[in-house]
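Peer 1:
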Amino acid sequence: MALSKDDVLNAIAEMSVMDIVELISDMEEKFGVTAAVAAAAPAAAGPAAAVEEKDEFDVVLASFGEKKVGVIKAVREATGLGLKEAKDLVESAPAPIKEGASKAEAEELKKKLEEAGATVELK
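Going by the working numbering, the sequence shown opens with residue 12, and the numbers climb by one from there.
In C-alpha cells form, the structure reads like this:
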C-alpha cells in the first residue's frame, strides 16, 4: 500500500522535533542530498511563482541635486504643471512626480529627470 503525500505530512506533523531531525538526517544519508538543498528547491520555486511582474510604477523625485532649474524644467515638461507648481513640487522632494505609469514611461521619465540632475526612484 503506497502512502500519499498527505499521509506522509500527517505522520510528520505528529512527530517530535527530535524525531524530525533524525528523519531529515536519515533522508540526507539515503538520498545523498542535504536538507538545505531539498528545502531550497521548493522555496525558490514558490516565491518566484508568486511574484508578478509589476506593470505600474510611481516615479518619485528623491532629490533635485545641484541643478534645480533643470529639474524644474524636466518636471514641467513631464507633468504639464506651471512654473510655480513645478518649483513647489521639486522643492518638496521626496515627492511623487507621476503615479501609475507604465514601465517604459516610468523609465523614460526617470532618465530625463536624472539627465537634468535629479535623483529618482521607481516604486
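Note that beta-carbon positions come from the ideal geometry of N, C-alpha and C, so glycine has one too. Quantities reported herein were computed from a predicted structural model and do not represent experimental measurements.
State the Cα-Cα distance for the pair LYS16 and ASP37, rounded to the nearest angstrom.
Peer 2: 18 Å
Peer 1: Mind checking whether VAL70 and ALA112 have CB atoms under 7 Å apart?
Peer 2: yes
Peer 1: DSSP state of SER74, grouped into three classes?
Peer 2: strand
Peer 1: Pick helix, strand or coil for VAL44, following the three-state DSSP scheme.
Peer 2: In the structure shown, VAL44 falls within a coil segment according to DSSP collapsed to helix, strand and coil.
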